[in-house]
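Notes follow the structure.
There are 2 protein chains.
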Amino acid sequence: MALTQARTIPGVLELLPLDQIAFQRMLDTIRRNYERFGFLPIETPVIEHTDVLLTKTGGETERQVYFVQSTGALEKGQEGVPELALRFDLTVPLARYVAEHEHDLSFPFRRYQMQRVYRGERAQRGRFREFYQCDIDVIGKDALSVRYDAELPAVIYSVFRELAIGPFSIQLNNRKLMRGYFESLGVADAAQQTLVLREVDKLDKRGPDYVASTLRGEGFGLAEDVVAKILALVQVRSTSVDDAFAKLDALGTGSDLMEQGRDELKQVMALIRDFGVPETHFSLNLSIMRGLDYYTGTVYETTLTEHPEIGSICSGGRYENLAGQYTKSHLPGVGISIGLTRLYWQLREAGLLNTAQSTVDVLVTQMDAAHLPDYLAVAGELRAAGIATEVVLDNGKLGKQFKYADRAGIRFVLVLGEDELAKGMVTVKDLHRGDQFEVARAELVKSLRVELAQARIEQ
Amino acid sequence: MALTQARTIPGVLELLPLDQIAFQRMLDTIRRNYERFGFLPIETPVIEHTDVLLTKTGGETERQVYFVQSTGALEKGQEGVPELALRFDLTVPLARYVAEHEHDLSFPFRRYQMQRVYRGERAQRGRFREFYQCDIDVIGKDALSVRYDAELPAVIYSVFRELAIGPFSIQLNNRKLMRGYFESLGVADAAQQTLVLREVDKLDKRGPDYVASTLRGEGFGLAEDVVAKILALVQVRSTSVDDAFAKLDALGTGSDLMEQGRDELKQVMALIRDFGVPETHFSLNLSIMRGLDYYTGTVYETTLTEHPEIGSICSGGRYENLAGQYTKSHLPGVGISIGLTRLYWQLREAGLLNTAQSTVDVLVTQMDAAHLPDYLAVAGELRAAGIATEVVLDNGKLGKQFKYADRAGIRFVLVLGEDELAKGMVTVKDLHRGDQFEVARAELVKSLRVELAQARIEQ
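Residue numbers (the working numbering), protein chains in the order written: chain A, 1 to 459; chain B, 1 to 459.
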């Protein structure tokens, strides 16, 4: 039989077991922190009705959708767009979920969702067609206090502190402040504001001269001093909450919308501090432009201080109405998302990830198949104590068994030879430290627990 | 704007948060047990190349495949079968994974995988188009000891004991024993054996008379005594390991293949006992026919003793070669699978699931927004102690806050009014027991830990 080449599709991240363990530990850490802050899990199907999925999205996302057809549907050869498609984010499914189950949910509805999403991206390095998103959102019915905008940075802080991937900074802006300030400058039209914001967002890439000349030029035709004020605005960064207040006050009085934005930012920043987030870890950054079509108030980005090239590792913001396409209920919300597949990949590329130790704590070697019942009894005791234990069941040389443990990243290897069995002892080899010790069977669990706790600290 | 009806596609199980928590706890229990036995996690992409996915499968599975096309591919209007498809099980992706990464894996390769799979089933009650499979497999390079066939029932036992969904029984058969016995009866052709086994598998549905007359009739033409022996064979059940040995011996001598099957069954059953599985929980059942095209040795099914109508809740077996379609390496293995979505649904239908308590342990109410910093400080202390805590941030009446906690399944509600704050105390209301107590702030964490530990025992 001719062989088919075993290969994954391009644009996916498939991991070897030890890498998968590292990835899974990140997922677990995120989940644990989401739950600790009182968020509830949901999962939604990967496949949705196309009409449900594409009500709200613009052209660009639509081009990246994966459509789905069963064999039967394909054979019928239906005209037009297929009826089913894969979700491309978790926000549209959340909107659908909340609208569909509205009467069974308690509001404010605080949900987390950690699942994969799909985009028909062109294959290129660092672009994924399948990737994990780890989202939290708080959804209000009719209204939702701006205080929730301060809770999400507290969750982000808790997550990234525990992930321990280096110093990070949560940066905040407020869409109302920006639009209000523009109004004060005479740029009153919302569409025009969006265009200006889009230009300003190019500051990092194109530099201030390019952006200034565009804003002064045809199409925009803004006055010199207006352009200067806009460019000064987006350079505002704070070093502390007090500094943020001072810098916000220094912007001068403005339109109602601007005052509202300023109030919100102040309230949110003060409350983030009350949540216990150190002032070193969050700041005002009036250049944050994220989600111009979608967010209406607070917006967030999070960056690794020592790795700005990675860009934002956790972003989100406040939106006016989650599910207007599905329900007449008014559902304001605030949410953030961690794109874990991309983050993991970038951390690995940057050499910031250690290869995980195996989830397997102990390997019980096989000296003599006749003693298998003894090996299995020891393994059973260890497992009952929550120690992940593998037993060698195939016959084979002891050297080969040690090599296997080493390659598989298993730290502790037990040897129960005739001697040990006769004495009621076990030899424990620590492949990490390269030494070994003997311990009485009755003391084995206790002793390994100490070793494993120690190993976890060392990691 | 016209509203789009928010609706999931038919044939998926989307859960409300408290049900999702119950489901997640089952997933966690399965994972914990898989890891405890030294299995390593992998995840594979949902989308695979169609040619990779469909090398081995027969017509029936092919009809149930979901094909995938990006917008670009759809517009090109490619002829024939689309290039991408969704996985319909975890076995084919495992074969692809092992073949693709063979040189980076250590053998025996012990992997677990808990992901969703997709089948374009006709929509009907209890049939799912998207469902979780929770699989473990041990894959050998060139060879794999039959002892591993005894390890999987030990894992199954450990999983279902901890899931606590009632008494269960793991039932074993061996394909070699069956085929060998048929050889002894003169039914030597493998294809003919499969046809006979397929008929015998109808015993439960059609009854012995129907099956006997089919086997005697045209097409099979088996002699009266041969049919009687076959029907007697498939009625063999054991009550203990010793009883299994006796019943296996009572089958008389047979072909080499039969002897091999008998030896394997004996070795496996004795070793399952050595693994510590009580003899009440596993038995010989020579009617188990599972996976006739695929399994070559040991086969397993698991049933809930008090709910036979649910059918097998965990099945699997030994196969000769995992990935012959992708690689020349010989990769024998043994595996089992839990179809968790179906199992969860059936347990719920049978009224065997309690609604879970929330993952949120504590709700901190809001008496006065001016004291938010106090509420947040208390919540911060609880979270640091690993207690999942939600704080009410919206203004609202206390009664409404209690109602929210009750509806959301949150058991403990904290009240910090002026009185409490002045005295350095907290009032803890237990919505489950309907009582309350006061505790000093400094004692709160300790006290709640005791309550929560107690609550977990009561559950």
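Ideal placement from N, C-alpha and C gives every residue a C-beta, glycine not left out.
Note that the structure is predicted; figures quoted are calculated from it, not measured.
- Judged by DSSP secondary structure, ALA442(A) falls outside any alpha helix (DSSP H); it is assigned neither H nor E.
- Interface flag for ALA250(A) against chain B is unset, since no Cβ pair is found closer than 7 Å.
- The beta carbon of ARG383(B) falls within 7 Å of a beta carbon belonging to chain A, placing the residue at that interface.
- Counting only the Cα atoms, LEU363(A) lies some 57 Å from GLY396(B).
- Less than 7 Å separates the beta-carbon of GLY38(A) from that of THR389(B).
- With the criterion set as a beta carbon lying under 7 Å from some beta carbon of chain B, the members of the region 402 to 422 of chain A are TYR404, ARG407 and ALA408, in sequence order.
- Each of PRO308(A), LEU152(A) and GLY11(A) was checked against the Cα of MET269(A), and the nearest Cα belongs to LEU152(A).
- As the crow flies, the alpha-carbon of ALA123(A) is around 44 Å from that of GLU162(B).
- One finds ASP394 in chain B with Cβ atoms closer than 8 Å to the Cβ of LEU144(A), taken in chain order.
- Annotation for ALA150(A): the continuous alpha helix (DSSP H) segment containing it runs 148 to 163.
- Residue-level contact by beta carbon fails for HIS281(B) and chain A, as no gap is shorter than 7 Å.
- Rounded to the nearest whole angstrom, the CA to CA distance from ASP19(B) to LEU343(B) is 14 Å.
- GLY261(B) and ALA188(B) have their C-alpha atoms spaced approximately 16 Å apart.
- In the three-state reduction of the DSSP assignment, THR8(B) falls in the coil class, being assigned neither a helical nor a strand state.
- Rounded to whole angstroms, the separation of the alpha carbons of THR365(A) and PHE412(A) is 10 Å.
- Distance from ASP51(A) to ARG318(A) at the Cβ level is roughly 27 Å; contact not present, criterion being Cβ atoms closer than 8 Å.
- Setting aside the 5 residues that flank it on each side, GLN133(B) is surrounded in the same chain by ASP89, LEU90, GLN113, MET114, GLN115, ARG116, VAL117, SER337, ILE338, GLY339 and LEU340, each with a C-beta closer than 8 Å to its C-beta; the list follows chain order.
- Beta-bridge partners of PRO41(A) (DSSP): TYR112(A).
- Taking the C-beta atoms as reference points, THR303(B) is found nearer than 7 Å to SER169(B).
- Listed along chain A, no residue sits closer than 9 Å to PRO332(B) by beta-carbon distance, the nearest being about 11 Å off.
- Between the region 5 to 14 of chain A and the region 74 to 88 of chain A there are fewer than three C-beta pairs closer than 8 Å, too few to call the two in contact.
- Boundaries of the beta strand (DSSP E) around GLY333(A): 333 to 339.
- Using a Cβ-Cβ cut-off of 7 Å, GLN133(B) does not count as an interface residue toward chain A, since no Cβ of chain A sits closer than that to its own.
- Not one beta carbon of chain A lies nearer than 7 Å to the beta carbon of GLY297(B).
- Each residue's CA atom was taken as its position, placing LEU322(B) and ALA6(A) some 13 Å apart.
- Residue environment for VAL450(A): exposed (fewer than 16 other C-beta atoms within 10 angstroms of its C-beta).
- Taking 4 residues as the shortest admissible run, the region 182 to 266 of chain A contains the following complete alpha helix (DSSP H) segments, listed from N- to C-terminal end: 190 to 200, 203 to 216, 224 to 233 and 241 to 249.
- The straight-line gap separating the alpha-carbon atoms of ALA228(B) and LYS202(B) is approximately 16 Å.
- Distances from the alpha-carbon of GLU420(A) to those of TYR157(A), TYR375(A) and ASP274(A) put TYR375(A) closest.
- Under the Cβ criterion of 7 Å, LEU197(A) is not counted among the residues facing chain B.
- For GLN357(B), no alpha helix (DSSP H) run applies, since DSSP gives it neither H nor E.
- Ranked by Cα distance from PRO93(B), the first of THR55(B), ASN33(B), THR71(B) and ARG147(B) is THR55(B).
- Under a 10 Å Cβ-count criterion, ASN173(A) is classified as buried, with 16 or more other Cβ atoms of the shown protein chains found around its own Cβ.
- The continuous stretches of beta strand (DSSP E) do not include HIS103(B), and DSSP gives it neither H nor E.
- Per DSSP, reduced to three states, the secondary structure at LYS400(A) is helical.
- Contact between the region 284 to 298 of chain A and the region 189 to 198 of chain A is present: three or more C-beta pairs spanning the two stretches fall below 8 Å.
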